[in-house]
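A.B. asks:
2 protein chains.
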Amino acid sequence: MKRIAVDAMGGDHAPQAIVEGVNRALAEFPDVEIQLYGDQAKIQQYLTATDRVSIIHTDEKINSDDEPVKAIRRKKTASMVLATQAVKDGNADAILSAGNTGALLAAGVFVVGRIKNIDRPGLMSTLPTMDGSGFDMMDLGANAENTAHHLYQYAILGSFYAEHVRGIKRPRVGLLNNGTEETKGTPVHQEAFALLNQEPSIHFIGNVEARELLNGVADVVVTDGFTGNAVLKTIEGTAKSIVGQLTGAIKNGGLQAKMGGLLIKSTLKTALGTMDYKKAGGAVLLGLKAPVIKAHGSSDATAIYYTIKQVRTMLQSDVVQKSVEKFSVVEE
Amino acid sequence: MKRIAVDAMGGDHAPQAIVEGVNRALAEFPDVEIQLYGDQAKIQQYLTATDRVSIIHTDEKINSDDEPVKAIRRKKTASMVLATQAVKDGNADAILSAGNTGALLAAGVFVVGRIKNIDRPGLMSTLPTMDGSGFDMMDLGANAENTAHHLYQYAILGSFYAEHVRGIKRPRVGLLNNGTEETKGTPVHQEAFALLNQEPSIHFIGNVEARELLNGVADVVVTDGFTGNAVLKTIEGTAKSIVGQLTGAIKNGGLQAKMGGLLIKSTLKTALGTMDYKKAGGAVLLGLKAPVIKAHGSSDATAIYYTIKQVRTMLQSDVVQKSVEKFSVVEE
Numbered sequence: 004m005k006r007i008a009v010d011a012m013g014g015d016h017a018p019q020a021i022v023e024g025v026n027r028a029l030a031e032f033p034d035v036e037i038q039l040y041g042d043q044a045k046i047q048q049y050l051t052a053t054d055r056v057s058i059i060h061t062d063e064k065i066n067s068d069d070e071p072v073k074a075i076r077r078k079k080t081a082s083m084v085l086a087t088q089a090v091k092d093g094n095a096d097a098i099l100s101a102g103n104t105g106a107l108l109a110a111g112v113f114v115v116g117r118i119k120n121i122d123r124p125g126l127m128s129t130l131p132t133m134d135g136s137g138f139d140m141m142d143l144g145a146n147a148e149n150t151a152h153h154l155y156q157y158a159i160l161g162s163f164y165a166e167h168v169r170g171i172k173r174p175r176v177g178l179l180n181n182g183t184e185e186t187k188g189t190p191v192h193q194e195a196f197a198l199l200n201q202e203p204s205i206h207f208i209g210n211v212e213a214r215e216l217l218n219g220v221a222d223v224v225v226t227d228g229f230t231g232n233a234v235l236k237t238i239e240g241t242a243k244s245i246v247g248q249l250t251g252a253i254k255n256g257g258l259q260a261k262m263g264g265l266l267i268k269s270t271l272k273t274a275l276g277t278m279d280y281k282k283a284g285g286a287v288l289l290g291l292k293a294p295v296i297k298a299h300g301s302s303d304a305t306a307i308y309y310t311i312k313q314v315r316t317m318l319q320s321d322v323v324q325k326s327v328e329k330f331s332v333v334e335e
Numbered sequence: 004m005k006r007i008a009v010d011a012m013g014g015d016h017a018p019q020a021i022v023e024g025v026n027r028a029l030a031e032f033p034d035v036e037i038q039l040y041g042d043q044a045k046i047q048q049y050l051t052a053t054d055r056v057s058i059i060h061t062d063e064k065i066n067s068d069d070e071p072v073k074a075i076r077r078k079k080t081a082s083m084v085l086a087t088q089a090v091k092d093g094n095a096d097a098i099l100s101a102g103n104t105g106a107l108l109a110a111g112v113f114v115v116g117r118i119k120n121i122d123r124p125g126l127m128s129t130l131p132t133m134d135g136s137g138f139d140m141m142d143l144g145a146n147a148e149n150t151a152h153h154l155y156q157y158a159i160l161g162s163f164y165a166e167h168v169r170g171i172k173r174p175r176v177g178l179l180n181n182g183t184e185e186t187k188g189t190p191v192h193q194e195a196f197a198l199l200n201q202e203p204s205i206h207f208i209g210n211v212e213a214r215e216l217l218n219g220v221a222d223v224v225v226t227d228g229f230t231g232n233a234v235l236k237t238i239e240g241t242a243k244s245i246v247g248q249l250t251g252a253i254k255n256g257g258l259q260a261k262m263g264g265l266l267i268k269s270t271l272k273t274a275l276g277t278m279d280y281k282k283a284g285g286a287v288l289l290g291l292k293a294p295v296i297k298a299h300g301s302s303d304a305t306a307i308y309y310t311i312k313q314v315r316t317m318l319q320s321d322v323v324q325k326s327v328e329k330f331s332v333v334e335e
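Chains as they are written, first to last, in our numbering: chain P, 4 to 335; chain E, 4 to 335.
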């Protein structure tokens with residue numbers, strides 16, 4: 004049985020979206036057991052599942068604007084903290100939250116703990132590509148600064164994830180840089196290039212540019228947390244702006260445009276579906292002793308369902324244990 | 004008379020697109036004089052203008068894959084080098100090239116020279132926003148690493164450009180960061196925030212996030228060259244991918260989608276026109292003693308025309324001299 008601790012109170016649509024996602028996951032995955040942390044009365048309003056689910060009541064929760072480290076230290080009985088503690092205590096195998104990202108990162112590092120020899124856990128998401136296959140990028144902002152050695156560890160963690168969780172054989176690992184030549188970027192990038200180039204356990208394809216990410220230039224893209232965060236937000240912002248611009252133009256474009264819009268509606272929906280973030284699951288804090296997964300704050304029940312599916316695959320593939328073994332051998 | 008030195012041999016469509024853009028600019032701007040550097044016979048094939056234009060013949064040119072610094076040192080008679088030299092010698096007021104970006108940056112710094120007290124010239128472009136007003140972002144990759152003081156100087160240079168060249172009163176200057184709170188980012192960002200916050204000559208609005216750039220959150224966005232380059236390429240790549248995905252879906256979507264596509268064609272064209280890079284002009288290397296402008300490598304005649312228009316506005320507004328005065332006062 005895969006035991007997943009779920010913070011029922013985190014996210015814009017909590018607890019409804021969280022609990023409804025849990026209902027669906029429990030119905031589809033007979034090997035999953037869910038522990039819901041949060042307000043019992045509110046959770047029960049939406050909970051239809053009865054088997055393999057328990058509620059651990061607490062009145063306290065971490066808000067989206069709480070200062071992360073302070074919040075997890077002071078709010079000892081917050082739903083997110085209790086859920087993380089369950090993993091540490093061996094009562095759950097993984098934790099999922101759609102709440103305060105910084106707090107979850109802090110809880111992951113301080114409560115669940117780092118894998119031995121991992122310097123900095125990094126935040127990784129599977130982002131959509133135009134062909135639908137997607138790519139894993141990390142770090143998306145767990146750290147503002149990274150050394151070459153951090154990037155090197157990200158590459159191995161990301162490659163393990165792509166291989167074992169997404170089922171990609173010999174994932175192509177790229178280093179995000181401002182040009183493809185190996186002399187590009189800062190000294191940190193040049194040093195990371197050299198480290199990656201001599202690492203036999205990954206298939207390093209060299210530097211990749213941000214312009215090519217959505218074309219599927221690599222299966223795993225490694226970058227520092229500051230750049231990764233900026234690139235992720237740029238993709239989101241640009242996609243949203245352009246789709247908004249086009250749909251707005253059709254809506255305000257007179258009868259002819261409106262008719263045209265009706266005719267292409269389903270086609271566009273399918274095309275944009277390739278880029279649907281919901282099915283990609285949540286962001287994973289890689290480098291910890293157990294899966295710690297952050298669902299998007301705006302997650303609806305569908306997104307939560309897919310994130311639970313992703314956690315289940317992580318547990319089935321035992322990717323964390325494989326990472327533990329790799330790093331115990333490589334670095335000692 | 005504004006005397007602009009133009010590298011006729013740089014860019015994917017040189018010299019045709021360059022010369023045709025020059026023809027149009029000369030016809031529309033009676034106060035502009037153009038010096039065309041490059042292969043005389045090839046240039047004359049396309050040159051229809053006769054007034055206020057001269058050709059300075061040379062057989063040598065810098066290729067897009069030449070190593071920048073080596074190229075400008077060894078190819079002493081390359082069209083780009085001669086054009087830059089003309090500015091240094093006082094025979095031209097500005098230089099424009101669509102060729103090798105790195106080489107133009109190197110030629111700008113080593114031949115034209117930095118404004119006194121400017122540490123690092125930065126590359127700036129006006130990027131499109133959804134409402135059509137645009138924003139200036141720098142550094143886009145002239146430097147891979149920047150100190151807080153570099154970012155502070157970028158803010159002043161960018162604000163001067165937005166005010167004097169684009170005519171924006173009290174331009175809103177934002178620092179690109181991974182969150183809006185002033186404690187966000189690396190120590191460099193935190194220090195830059197403090198410097199910008201106490202600078203009276205600019206209207207600093209605080210940190211801005213990459214997600215909001217295309218919504219026009221600021222008129223000037225300051226960032227280090229590595230992040231700026233990544234964000235610029237992400238905007239370009241994402242926009243291209245999404246538009247490609249949508250038009251591809253319509254084309255391959257059967258009769259109904261095709262009919263719908265025909266009906267909305269002109270509406271979409273207008274909507275995407277708001278984001279047209281061509282009219283935005285080229286990238287400016289700010290912080291130099293004269294305007295040094297890089298047109299996009301893929302520039303057609305229209306893009307070259309708009310870039311010449313931009314150079315003309317820079318010369319008319321005397322923005323460089325204003326920057327020289329500002330930095331001679333501020334920093335001594």
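Built from N, CA and C at the ideal position, the CB exists for glycine as well. Every value quoted in this text rests on a predicted model; they were computed, and no experiment measured them.
Buried or exposed, going by whether 16 or more other CB atoms sit within 10 Å of the CB of ALA30/P?
C.D. replies: Classification for ALA30/P: exposed.
A.B. asks: How many Å lie between VAL25/E and GLN19/E at the Cα?
C.D. replies: Computed Cα separation, rounded: 10 Å.
A.B. asks: So the alpha helix (DSSP H) LEU369/P belongs to, where does it begin and stop?
C.D. replies: As displayed, chain P neither begins before 4 nor continues past 335, which places residue 369/P out of reach and without an answer.
A.B. asks: Under DSSP, the beta strand (DSSP E) around ILE58/P begins and ends at which residues?
C.D. replies: Start and end: 56 to 60.
A.B. asks: I believe VAL314/P touches ALA97/P by the beta-carbon criterion, under 8 Å. Please report the beta-carbon distance rounded to the nearest angstrom.
C.D. replies: With a Cβ gap of about 5 Å, VAL314/P and ALA97/P count as contacting.
A.B. asks: When DSSP labels each residue in this structure, what does ASN218/E get in the three-state scheme?
C.D. replies: Reduced to three states, the DSSP call for ASN218/E is helix.
A.B. asks: Which residue's Cα is closest to the Cα of ASN180/P: LYS254/E, ALA233/E, PRO131/E?
C.D. replies: Taking only the C-alpha atoms, the option nearest ASN180/P is ALA233/E.
A.B. asks: Do you know how far the Cα of ALA151/P is from the Cα of VAL22/P?
C.D. replies: Going from the Cα of VAL22/P to the Cα of ALA151/P covers about 41 Å.
A.B. asks: Do you know offhand how far ASP68/E's Cα is from ASN255/P's?
C.D. replies: Near 46 Å, if we compare the C-alpha coordinates of ASN255/P and ASP68/E.
A.B. asks: Mind listing the chain E neighbours of LEU288/P? Cutoff is C-beta to C-beta under 9 Å, in chain order.
C.D. replies: What LEU288/P touches in chain E: nothing, since even the nearest Cβ is about 16 Å away.
A.B. asks: At least one CB of chain P closer than 8 Å to the CB of THR189/E: is that the case?
C.D. replies: THR189/E counts as touching chain P.
A.B. asks: Near LEU154/P, what residues of its chain come up, given a Cβ to Cβ distance below 6 Å and the 5 sequence neighbours on each side ignored?
C.D. replies: Once the five neighbours on either side are set aside, the close Cβ partners of LEU154/P are ALA195, VAL225.
A.B. asks: If you check the beta carbons only, do ILE65/E and GLN38/E fall under 8 Å apart?
C.D. replies: Going by C-beta atoms, ILE65/E is not nearer than 8 Å to GLN38/E.
A.B. asks: Could you please tell me which residues of the stretch 174 to 201 of chain P, in chain order, have their CB closer than 7 Å to any CB of chain E?
C.D. replies: If the cut-off is 7 Å between Cβ atoms, the stretch 174 to 201 of chain P has LEU179, ASN181, GLY188, THR189 near chain E.
A.B. asks: Would you mind working out which of TYR40/P, GLN48/P, LYS73/P, ALA52/P sits nearest ASP62/P, comparing C-alpha positions?
C.D. replies: When each option's Cα is compared against that of ASP62/P, the closest is TYR40/P.
A.B. asks: Leaving out the 5 sequence neighbours to the left and right, which residues in its chain are closer than 8 Å to LYS119/E when beta-carbon positions are compared?
C.D. replies: Excluding residues within five positions, the ones whose Cβ falls inside 8 Å are VAL327, PHE330, SER331.
A.B. asks: If distances are taken between C-alpha atoms only, which option among GLY170/P, MET141/P, ALA8/P, ASP321/P comes closest to SER57/P?
C.D. replies: The option with the nearest alpha carbon to SER57/P is ALA8/P.
A.B. asks: Taking only three categories from DSSP, how would you classify ALA188/E?
C.D. replies: According to the sequence displayed, residue 188/E carries Gly and not Ala. In this structure, GLY188/E counts as coil in the three-state DSSP scheme.
A.B. asks: Any residues in the stretch 237 to 259 of chain E with a beta carbon nearer than 9 Å to a beta carbon of chain P? Which ones, in chain order?
C.D. replies: Of all residues in the stretch 237 to 259 of chain E, THR237, ILE238, GLU239, GLY240, THR241, ALA242, LYS243, SER244, ILE245, VAL246, GLY247, GLN248, LEU249, GLY251, ALA252, ILE253, ASN255, GLY256, GLY257, GLN259 have a Cβ within less than 9 Å of some Cβ in chain P.
A.B. asks: Kindly indicate which three-state DSSP category ILE98/P falls into: helix, strand or coil?
C.D. replies: ILE98/P falls in the strand class under three-state DSSP.
A.B. asks: What is the residue span of the beta strand (DSSP E) that PHE207/P lies within?
C.D. replies: First-last of the beta strand (DSSP E) with PHE207/P: 206 to 211.
A.B. asks: List in chain order: all unbroken beta strand (DSSP E) runs of 3+ residues lying wholly within the stretch 139 to 202 of chain P.
C.D. replies: List check, beta strand (DSSP E) in window: 175 to 179.
A.B. asks: State the start and end residues of the unbroken beta strand (DSSP E) segment that holds ARG6/P.
C.D. replies: Unbroken beta strand (DSSP E) run through ARG6/P: 5 to 10.
A.B. asks: Looking only at DSSP bridge pairs, what is THR104/E linked to?
C.D. replies: DSSP lists no partner for THR104/E.
A.B. asks: Would you call GLN258/P buried or exposed, if buried means 16 or more other Cβ atoms sit within 10 Å of its Cβ?
C.D. replies: The identity of residue 258/P in the sequence shown is Leu, whereas the question assumes Gln. By the neighbour-count rule (16 or more Cβ atoms within 10 Å), LEU258/P is not buried but exposed.
A.B. asks: Pairing CB atoms from the stretch 200 to 213 of chain P with CB atoms from the stretch 241 to 254 of chain P, are three or more of them under 8 Å?
C.D. replies: Too few Cβ pairs lie closer than 8 Å, so no.
A.B. asks: For ASN3/E versus GLU185/E, is the C-beta spacing smaller than 8 Å?
C.D. replies: Residue 3/E is absent from the model: chain E starts at 4 and stops at 335.
A.B. asks: Apply the 10 Å Cβ neighbour rule to GLY93/E and answer buried if 16 or more other Cβ atoms are within range, or exposed otherwise.
C.D. replies: Per the 10 Å Cβ criterion, exposed.
A.B. asks: Look at the alpha carbon of GLY1/P and the alpha carbon of THR230/E, and state the distance between them as a whole number of angstroms.
C.D. replies: Outside the modelled stretch of chain P, which goes from 4 to 335, sits residue 1/P, for which no answer is possible.
A.B. asks: So, LEU266/P versus LEU271/E, is the Cβ gap smaller than 8 Å?
C.D. replies: Against a cut-off of 8 Å, the Cβ pair of LEU271/E and LEU266/P comes out as no contact.
A.B. asks: Looking at the strands, I want to know which residues DSSP matches up with LYS297/E.
C.D. replies: Beta-bridge pairing links LYS297/E to SER100/E, ALA286/E.
A.B. asks: Am I right that ILE159/P and ILE205/P are in contact with their C-beta atoms under 8 Å? What's the rounded C-beta distance?
C.D. replies: At roughly 6 Å, the Cβ-Cβ gap stays under 8 Å, so ILE159/P and ILE205/P are in contact.
A.B. asks: Between the alpha carbons of THR305/P and ALA283/P, how many angstroms are there, rounded?
C.D. replies: Near 11 Å, if we compare the C-alpha coordinates of ALA283/P and THR305/P.
A.B. asks: Out of ALA17/E, MET141/E, THR183/E, which has the shortest C-alpha to C-alpha gap to ALA165/E?
C.D. replies: The residue with the shortest Cα to Cα distance from ALA165/E is MET141/E.
A.B. asks: Taking the alpha-carbon positions, what's the ASP34/P to GLN88/P distance?
C.D. replies: The alpha-carbon atoms of ASP34/P and GLN88/P are separated by roughly 22 Å.
A.B. asks: Taking only three categories from DSSP, how would you classify ARG117/E?
C.D. replies: Strand.
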